[in-house]
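Peer 1: When you line the sequence shown up against mature numbering (1 follows the signal peptide of the UniProt record, and there is no 0), it's residues -17 to -1, 1 to 952, in that order.
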Amino acid sequence: MAHKISCIELLPLLVLSGFLFPGTIKFALCTGGTTSGCFESEREALTKLRGGFTDPSGRLASWVGKDCCNWRGIVCSNLTGRVVEINLHNLYVDDSLSGDLKPEQALGGEISPSLLDVKELKYLDLSMNNFGGTKLPGFIGSLKQLRYLNLSGASFGGTIPPSLGNLSRLQYLDLSNCFAQSQNDLLWLRGLSSLKYLNLGAIDLSKSADHWLRAINFLSSLRELHLPNCFLSKLPLSLPFINVTLLEVLDLSNNNIHSTSPGWLFNLTRLVHLDLNSNSLGGELPDEFANLASLQKLDLSQNFLEGELPKSLGSLCDLSVLKLSFNRITGEITDFINGLARCNDSQLENLELGNNGLSGNLPDSLGNLSSLKEFYVFKNSMSGIPESFGQLSTLVAVDLSDNLWEGIVTERHLANLSSLTEFNLNKLSPNISLAFNIAPGWIPPFKLRYLYIRSCQLGPEFPTWLRNQNDLKIVVLNNARISGTIPEWFLQLNLQLIELDVAYNQLTGKPPTSLTFVDDKSNVDLSSNSYEGPLPLWSSNVTTLYLRDNHFSGPIPPNIGELMPHLTDLDISRNALNGTIPLSIGKMTNLTTLVISNNHLSGEIPRFWSNLPFLYILDMSNNSLSGPIPREVGFLSSLMFFILSNNNLSGKLPSSLRNCSSLDSLDLGENKFSGNIPAWIAESTPSLLILRLRSNSFTGKIPPQICRLSNLHIVDLSHNSLSGSIPPCIGNLTGLKVELTDADTERYEGRLTVVAKGRIVQYNQSILYLVNSLDLSENRLSGEIPEALTALVRLWALNLSMNHFTGRIPIDIGNLEGLETLDLSSNNLSGPLPPSITALTKLNHLKLSYNNLWGKIPTTNQFQTLNDPSIYEGNVGLCGIPLPELCPGDEKQPQSPDDGGGNTKSEDGGDDLERLWLFLSIGLGFSVGFWGVCGTLILKKSWREAYYGYVDRMKNKLIVAALVARRTD
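(1) Identify every residue that forms a DSSP beta bridge with Asn715.
(2) On the DSSP bridge assignment, give the partners of Ser680 in chain order.
(3) To the nearest angstrom, how far is the alpha carbon of Phe4 from that of Thr63?
(4) Look at the Cβ atom of Leu375, then the Cβ atom of Leu345, and state whether they are nearer than 7 Å.
(5) Counting Cβ pairs, one atom from each stretch, are 3 or more of them under 8 Å apart for the region 190 to 204 and the region 213 to 230?
(6) Using only alpha-carbon positions, find the residue among Lys217, Lys294, Ser110 and Trp247 that is nearest to Asp270.
(7) Let me check understanding here. Comparing Cα to Cα, which of Asn542, Leu518, Ile539 and Leu196 lies closest to Asn533?
(8) Given 8 Å as the limit, is there contact between the region 817 to 835 and the region 789 to 805, that is, 3 or more CB pairs closer than that?
(9) If you reduce the DSSP assignment to three classes, tell me which class Phe309 lands in.
(10) Within this structure, are the beta carbons of Asn286 and Asn310 separated by less than 7 Å?
(11) Comparing alpha-carbon positions, which option in Lys118, Ile555, Ser135 and Val58 lies nearest Tyr106?
(12) Which residue from Phe139, Arg173 and Gly140 puts its Cα closest to that of residue 963?
(13) Let me know the secondary structure DSSP gives Val227 once reduced to three states.
(14) Whole-angstrom Cβ separation of Ser670 and Asp647, contact assumed at under 8 Å?
(15) Which of helix, strand or coil does DSSP assign to Phe429?
(16) Could you name each continuous beta strand (DSSP E) segment of 3 residues or more that falls completely within the region 431 to 507, going from the start of the chain to the end?
(17) State the Cα-Cα distance for the pair Ala771 and Tyr433, rounded to the nearest angstrom.
(18) Let me check understanding here. Comparing Cα to Cα, which of Leu222, Phe272 and Ser466 lies closest to Gly442?
(19) Give the secondary structure of Cys326 by DSSP, where H, G and I count as helix, E and B as strand, and everything else as coil.
(20) Looking at the secondary structure, which residues open and close the alpha helix (DSSP H) in which Ala28 lies?
(21) What beta strand (DSSP E) runs, 3 residues minimum, are completely inside the region 174 to 238?
(22) Is the beta carbon of Glu856 sitting closer than 7 Å to the one on Lys825?
(23) To the nearest angstrom, how far is the alpha carbon of Leu764 from that of Asn561?
(24) Could you tell me if Ala559 is buried or exposed, where buried requires 16 or more neighbouring beta carbons within 10 angstroms of its beta carbon?
(25) In three-state terms, what does DSSP make of Cys870?
(26) From which residue to which residue does the beta strand (DSSP E) around Ser342 run?
(27) Given this structure, state the Cα-to-Cα distance separating Ser242 from Ser236, to the nearest angstrom.
(28) Between Asp508 and the rest of its own chain, which residues show a CB-CB distance below 6 Å, the 5 nearest in sequence each way excluded?
(29) According to DSSP, is Thr526 part of a helix, a strand, or is it coil?
(30) Determine the burial state of Asp882: buried for a count of at least 16 other Cβ atoms within 10 Å of its Cβ, exposed for fewer.
(31) For Phe788, does the three-state DSSP call read helix, strand or coil?
(32) Can you tell which of Val101, Tyr131 and Ser95 has the C-alpha that lies nearest to the C-alpha of Leu119?
(33) Mind checking who Val862 pairs with in its DSSP beta bridge?
(34) Within the same chain, show all residues whose beta-carbon is closer than 6 Å to that of Val392, passing over the 5 residues directly before and after it, in chain order.
(35) Assuming the contact rule is C-beta atoms closer than 8 Å, Lys306 and Asn338 should be a hit. Round their C-beta distance to whole Å, please.
(36) Report the rounded CA-to-CA distance for Gln489 versus Ile469, giving the unit in angstroms.
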């Protein structure tokens, strides 16, 4: 008892010392129920908690001994000695952008109910661990003292326990990137009356799509709300009242919200950060954004906003970040920039307006944005760059690419850009409308690291203003009209490069092989220049090498695969290389594209293909390769584009090719392949878009399995010895019936030769998806043309010439409304031209010659322009224009004076007489009209005076009106 009394007597002293020296309280308190500064009940509770965890890396190894307040992640109150904080956040997260956890460092298992014995717990952080989908226990809601709860990225499963709504003192709640596998509602939020911070990012809240905002609106203390990627597709346009007026941060990004900007949003006048990016917001940007005067960060990128930038947006002088890229905003930005420039101290650091429909010039006032660090206006239609752009001394990165810039850039445009490290002026269009005219001796104030200039004139000389740019990592001077050699001073800058792209110039001399590349994914592109000599090679860390369209000659270096084993892309096409394909290419095990076409390579195709598992483009066309296709090509399971056309290859197609099941394009034309077209082409390559086997020696029938290729839209089997009939299922080729999807249009590489409009046309990958062609000409096909062919309504070119087809032209051929080329010549077709053929209004190349057709040639629609007699020659039964043979019942065509008949009149009375009456009528009409008016004025004075008086009065009125208008202005 005495001991207890002494404690009571000491209490005032302890309280006083607690204020003066808080650290002494824990030591001086009466020790009933505690040993060594830690309550035994809490130590036991924590020990049980540790027992429920899995701890592969031993992060909780310090949880031993009697003083649990010294255990890792445990904090006790200096006043009471109670455990108030458990912080087991996993710091060991992968440094990569993916943010993946390192599993050997993450805690797992389950949370023990013993946690409830830590009764004063205010702070609990288990974030970035891995609980493997176990459910979060509902008893967490019984930790009544909890102020801070962070379970983000901890991989709990099930749904959010509604009992969390009992934590009425909770101020911070982060459950982001957790509970990913289930739908959750938000009804439990109403009990969190003290909540200031809420983050439920990446949790499926679609179940709450209709009422989530009402639930949030109960949280009157809320300062920050983060709901990104929560499947909240609805954003109410109005609310009966706004209860979250203290809100400073609102993040609703990545929700695919379909809405316009809601009115209640502009009542949140304390907002500092608003993020609505990656939704489907539409409509114009409202002027009410000016109400959010405290706004510092606004992100509305990747939506469907339209209209012009409101002038009022320029009044947000505290704005430091504005992101509006990837919308449909149009018009000029002058008023908006002028508004920002009028701010006494503009805070704007990041301005992103890329991928919109903006036009006009950059305004002169842009130079007054004295804090601007990042400026992105790529993919618009802007045209003028003012000299004031050069006054942006704080600018670090600028992207002006893909606009309509025109005019001249001088050193004044770049004069004070002393902070600039990244300059991007790429243009996808090859047309050059912007030129750099910089004095040869000018020294820039900046040190660039990344330089991208494409389709702008820098030449004819290599730009001398790069002479002091020794920090460059990326140099892109593509299509810049630079000629001559790369100067020695550039090679001696000791650059540590990642990329060098000087393609599409007129460079000559020695390729810059002395340059150093430091990144393990470096790129060299010297394409489309005038380099000569042997093929150059670079260091082993160059992974993409493009040397196409030069004048390199000699053999491919036999050790290329040993010197550059890490290449992923190799394009040395369109040169004058000879010799055989070196075996060392088989050592480039990471190769994805190999393009060696349009050279003079010879010999057989090597057999190293089993070493190249990632190869998806293989183009060896237009060489002199011989022999068969090696069966090892079948190891290329990733192959999508296989192009061997115009060689001397022979033999049958190896059955191992069926393993190349990802093929999109198979072009084996202009070779000497023989045998049947194998059925497995259709059975094993379901995604095939292009099948080109023309000019070979294939025999047998067209396999009906080809009809299963639903994406096929270019088929060329011409110039073979195929027999039999066209498969009746030909109408099932969906690729010739419907438009390709956006995903399909991206599946093209290289060029393809197609016979259309009577000539050979080469299409590149940018428009190849638009070509829809079926060419079966110069074979031995027979039978009737199947009516099912007319179902291929997107067919653009159809060539069935030089076969043995019989019967009539399909009656519904007019269904092929997109047809521009139709060649049915040199067959045995009979009968009249079907009436529907006049519906082919896009037809501009037609050949029906040398058949047995009869009847009258149509003269309506497009057939009025198809007036070359050779189109129809060789059909003895055809008649009418443009053939000289008249159809029965037609009137004779008029004969010319020298036709031997001596008759200048037509059968109905003569053209000469009609012409005479025409001239007489014109002369009589002119005489009556002219003298009826002018003659009256000449003869009758009173009418003449009245007429000219009226003219004078009208003249005087116009003069007076003009003078009044000028004075008013």
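Where is the CB? At the ideal position from N, CA and C, for every residue including glycine.
Since the structure is predicted, the reported quantities are computational estimates derived from the model, not experimental observations.
Peer 2: Per the coordinate set shown:
(1) In the DSSP output, where bridge partners are listed per residue, Asn715 has none listed.
(2) Ser657
(3) In this prediction, Phe4 has a pLDDT of 40, which is less than 50 and means its spatial position is unreliable; what the coordinates show is noted afterwards. Distance between the alpha carbons of Phe4 and Thr63 is about 14 Å.
(4) no
(5) yes
(6) Lys294
(7) When each option's Cα is compared against that of Asn533, the closest is Leu518.
(8) yes
(9) Residue state, collapsed to three classes: coil.
(10) yes
(11) When only C-alpha atoms are compared, the closest one is Val58.
(12) Only positions -17 to 952 of the chain appear in this structure, which leaves residue 963 out of reach.
(13) coil
(14) 6 Å
(15) In the three-state reduction of the DSSP assignment, Phe429 falls in the coil class.
(16) 433 to 437, 457 to 461 and 482 to 484
(17) 57 Å
(18) Ser466
(19) coil
(20) Glu23 to Gly35
(21) 180 to 182, 207 to 209 and 232 to 234
(22) At the C-beta level, Glu856 and Lys825 stay beyond 7 Å of one another.
(23) Here the alpha carbon of Leu764 sits roughly 39 Å from the alpha carbon of Asn561.
(24) exposed
(25) coil
(26) For Ser342, the uninterrupted beta strand (DSSP E) segment begins and ends at Gly340 to Asn344.
(27) For Ser242 and Ser236, the distance between alpha carbons rounds to 13 Å.
(28) Closer than 6 Å at Cβ, skipping near neighbours: Asp484, Ala486 and Tyr529.
(29) strand
(30) With a pLDDT of 42 at Asp882, under the threshold of 50, the modelled position of that residue is not reliable, and the figure given next carries that caveat. Exposed.
(31) strand
(32) Ser95
(33) Note that residue 862 is Cys in the sequence shown, not Val. Answer is Lys839.
(34) Phe419
(35) Contact doesn't hold; Cβ gap of about 11 Å is too wide.
(36) 11 Å
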